[in-house]
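Accompanying notes for the structure given below.
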Amino acid sequence: MKAINKSQIEELIQALAAEGQVFVPQELNGNTKYAPWQKGVQVILDKNVLLSPKDILFPQTEAMYSYVADNLNTAITEVAVAAEKQVIFGIKPCDVKSVRLMDLVFLTKGFEDTFYKTKKDNTLLVSVGCAKAEPTCFCTSMDVNPQVEEGADLALIDMGEEYGVEAKTEAGSQLLAKINSLLKDSTGQLIETTGFQIVFDGIEGVPEKLKGMFEHPIWDEICLKCISCGACTYLCPTCHCFDIQTKKIGKEGYSYRCWDSCMFSDYALMAGGHDVRPSKKERVRQRFMHKLRYFPERYNELMCVGCGRCLAKCPVNVDITRIIGQIKEAEVNGG
Amino acid sequence: MAVRVEEIKMINPLVPIKGKIIKIVTETPDVKTFHVTTENGKPFTPMPGQLAMFSLLGVGEAMFSITTQGENHLEFSIKKTGMLTDALHAAVVGQEVGIRGPYGNGFPIDAVKGKDVLFIAGGIGLAPVRSLITHCVANRADFGKLDVVYGSRSPADLCFKEDLFENWTKVPDMNLHVTVDRGDEDWTGPVGFVPSFLEEINPDPKDKVTVVCGPPIMIKFVMQSLDKMKYDHQDIITTLEMRMKCGIGKCGRCNIGSCFICLDGPVFTMSQLANMPNEY
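Chains as they are written, first to last, in our numbering: chain A, 145 to 479; chain B, 3 to 282.
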């Protein structure tokens, strides 16, 4: 296997920078997140960062089109989507899987989302496996391999003193050839990821069981402590709901999309006041049903990658792993 | 960049094309029908029951059923209920707007072909149903007997009066049954709610497809009436609405279980809905 010394990571990133802007996990303004690499930046590879790279492919706010609306007259101009090559370096396998799930949402089922596709088509993913889990990590219980996941172009696998380097796509092979001078042959072995404090027996049977649990009293209890802050959906690398809003100043304006949250009270509220999810109970149920039942039904994948961000940051400790346990234990009579 | 808006539309389903309101018909005190065209004629050719995103730039965008279409335009019958529809009701002929679509599955025309069709609607619920009625009328030979059972709060609140009391009355083997919750001094027709009115008419369920649309409370009681008359839920179709933003099954909010109304709906049979979470 090809490998690179951990001490040569900066050289590797430097080489990747020839492909386009490289986003690396780093500390910025008190948060840890993916941001453009510059020489000397401290790259965080020993643990995952708080903000996933989802905003690189699906920005928190994104202008879609501008317009002029002058009395009766209107002109609409699409905002050109930047199509510059970029590299996301250091993305963890859980987040790699979340990009795969985003691809299912934005690129399949009849319509391709132009804004997402343009960016995704120009993005290379270079993943870095995890040697050590954080206390809130539970990816292995969600069927995610903490060293390498399908969806990365190039996968770096933690082998202790060095990273094994594997090309996973055609683009990855081309990249591998370009960085070949930095690589050596290695007989090293990947090290097993240690430190998981949350390990449970998968979620087999949960999507099916949830079919009979729409009216289950479990939701009355689960929703009680939620304060509808939306931190979970904000941090979740798989949450992708968006709103479309418009802003006009004078005669000119633009329409943009922005992240939305199913936890918010106006999420499904219709003109006229009808709301199919009028209280926290329906909204919390929607969130967990979506992740654990609806998404698997539609795309044959769970919409949770076990990154643990929602566990770490929920101000009232709503814990999806505990909820999965509750669902498994719940008594269900009939359908 | 000199790319025409129509070309952009072909590659980007979230960006509207420019349309223009060429006619406004006042249907009721709070419903107006807007005729919309583009400089290249009809924005697109929808199937009956499909939807479109209609926007007033600077105000907002919302999903509406396409009530019917002409050679060169689409029609939207819109009730004044919120910020965007208030602004639309204040709009005048000549107003340029944004439009994108068509979205959704539409009515299952092939499944309805050759059968009698019973249309049941309340208030603005006739708007989406009208797209199929118009289709049946235009292709009269493809369908059996047509019955329309329609009710509104008052005679003034009846939508599409010209169709109800003139155009459709001339269509062979088509019966109009129109009721109002309360009449006025000029009203000589039936008075009463749609469900009980329907039971009085008592149409035979044999070889029939039923299309229901109206306020949730009306649908609930119409379903009880149809059950009494032994209608099969497989042959009862409805069209739903929910808050929508993208129209292409991605933004999240209009799901019922794993279905999105904008993409997999808005038209469902009652037996399909029975297998979906009761959240619509």
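In this text, a Cβ means the ideal position worked out from N, Cα and C, and glycines have one as well.
Short of 8 angstroms from the beta carbon of B:Ser154, and not among the five residues preceding or following it, lie these beta carbons of its own chain, in chain order: Thr30, Gly124, Gly125, Leu160, Cys161, Val182 and Asp183. With its beta carbon less than 7 angstroms from one in chain B, A:Arg442 belongs to the interface. Interface annotation for the stretch 225 to 256 of chain A against chain B: Val249, Phe250, Lys253, Gly254 and Phe255, criterion Cβ-Cβ distance under 7 angstroms. Close partners of B:Ser79 in chain A (Cβ separation under 9 angstroms) are lacking, with about 15 angstroms as the shortest Cβ gap.
Following the DSSP letters along the chain, one finds B:Thr30 inside the beta strand (DSSP E) bounded by residues Ile19 to Thr30. CA-CA distance, B:His37 to A:Pro203, rounds to 36 angstroms. In the DSSP assignment, B:Leu120 forms a beta bridge with B:Asp149 and B:Thr212. In summary, no residue of the stretch 105 to 118 of chain B has a CB separated from any CB of chain A by less than 8 angstroms. Under the three-state reduction of DSSP, A:Ile235 is assigned to strand.
Unbroken alpha helix (DSSP H) runs of no fewer than 4 residues, entirely contained in the stretch 187 to 267 of chain B, are found at 196 to 203 and 218 to 230, following chain order.
The beta-carbon distance between B:Gly254 and B:Cys264, rounded to whole angstroms, is 11 angstroms. This is too long to meet the 8 angstroms contact definition. Taking a beta-carbon distance threshold of 7 angstroms, B:Cys264 does not count as an interface residue toward chain A. Sequence-distant partners of A:Val249 (beyond 5 residues in either direction) whose C-beta falls short of 7 angstroms from its own C-beta, in its chain, are His384. A:Gly356 sits away from A:Lys276, with the two beta carbons spaced by 7 angstroms or more. Straight through space, the alpha carbons of A:Ile471 and A:Ile371 are spaced by roughly 21 angstroms. Contact check for B:Leu59 and A:Met208: beta-carbon distance about 12 angstroms, past the 8 angstroms limit, so the pair fails to qualify. A:Glu154 counts as exposed, since fewer than 16 other beta carbons sit within 10 angstroms of its beta carbon. For A:Pro440, the enclosing alpha helix (DSSP H) begins and ends at Phe439 to Tyr443. Listed along chain B are Glu281, each with a C-beta nearer than 8 angstroms to that of A:Arg421.
At a cut-off of 7 angstroms between beta carbons, A:Leu354 makes no contact with chain B.
The shortest CA-to-CA distance from A:Lys425 to any of A:Lys369, A:Lys457 and A:Glu228 is the one to A:Lys369.
Burial is judged here by how many other beta carbons sit within 10 angstroms of a residue's own beta carbon; B:Glu243 has at least 16 and is buried.
A straight-line Cα-Cα distance of about 15 angstroms links B:Gly21 and B:Phe66. Secondary structure of A:Val343 (DSSP, three-state): coil.
Taking 9 angstroms as the Cβ-Cβ cut-off, the stretch 235 to 262 of chain B approaches chain A at Glu243, Met244, Arg245, Lys247, Cys248, Gly249, Ile250, Gly251, Lys252, Cys253, Gly254, Arg255, Cys256, Asn257, Ile258, Gly259, Ser260, Cys261 and Phe262, given in chain order.
Separation of B:Ala54 and B:Phe78 (C-alpha to C-alpha, rounded to the nearest whole angstrom) is 9 angstroms. Identification of chain B residues near A:Lys392 by a Cβ-Cβ cut-off of 7 angstroms yields Gly60, ordered along the chain.
For B:Pro18, the residues of chain A that pass the 7 angstroms Cβ criterion are Ile220, in the order they occur in the chain. Positions of the alpha helix (DSSP H) runs, each at least 4 residues long and wholly inside the stretch 242 to 306 of chain A, are given as 258 to 265 in order along the chain. When Cβ-Cβ separations below 7 angstroms define contact, A:Met357 makes no contact with chain B. The DSSP-derived three-state label of B:Cys138 is helix.
Residue contact with chain A for B:Pro15: present (Cβ-Cβ distance below 7 angstroms to some residue of chain A). A:Tyr178 sits in a strand when the DSSP states are folded into three classes. Taking 4 residues as the minimum length, the alpha helix (DSSP H) runs contained wholly in the stretch 182 to 237 of chain A are 198 to 201, in order along the chain.
In the three-state reduction of the DSSP assignment, A:Cys451 falls in the coil class. Chain-ordered, the chain A residues with CB closer than 7 angstroms to the CB of B:Thr87 read Ala415.
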